[in-house]
Amino acid sequence: MAANPADALTVGVGDGDIVKVTSRRGEISLKAWVT
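Heads up, the sequence shown is in our numbering, so the first residue is 1075 and it goes up one at a time.
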């Protein structure tokens, strides 16, 4: 999952971290790519 560096810093996510993306349709765990 691509993430803006400022947004990633705000939520404490670093490059290569595993993040969970959740919506009402489901969820998925992905590796963060801070770009």
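C-beta: ideal position from N, C-alpha, C; glycine also.
query: Can you find a heavy atom of the ligand MN that lies under 7 Å from the Cβ of Ile1102?
result: Ligands displayed in this structure: none; no statement on the ligand MN is therefore possible.
- prompt: Out of curiosity, what's the CA-to-CA distance linking Pro1079 and Ile1092?
  reply: As a position in the sequence shown, residue 1079 is number 5, starting the count at 1. As a position in the sequence shown, residue 1092 is number 18, starting the count at 1. One C-alpha to the other measures close to 15 Å.
Bounding residues of the beta strand (DSSP E) (the contiguous stretch that carries Thr1096): Your numbering for residue 1096 matches position 22 in the sequence shown. That run of the beta strand (DSSP E) goes Ile1092 to Ser1097.
Where the alpha helix (DSSP H) through Ala1082 begins and ends: Translated into the one-based positions of the sequence shown, residue 1082 becomes position 8. That run of the alpha helix (DSSP H) goes Pro1079 to Val1085.
- request: Between the Cα of Trp1107 and those of Ala1082, Thr1084 and Asp1089, spot the shortest distance and give me the residue it belongs to.
  value: As a working mapping, residue 1107 is identified with position 33 in the sequence shown. Minimum Cα distance to Trp1107 is reached at Asp1089.
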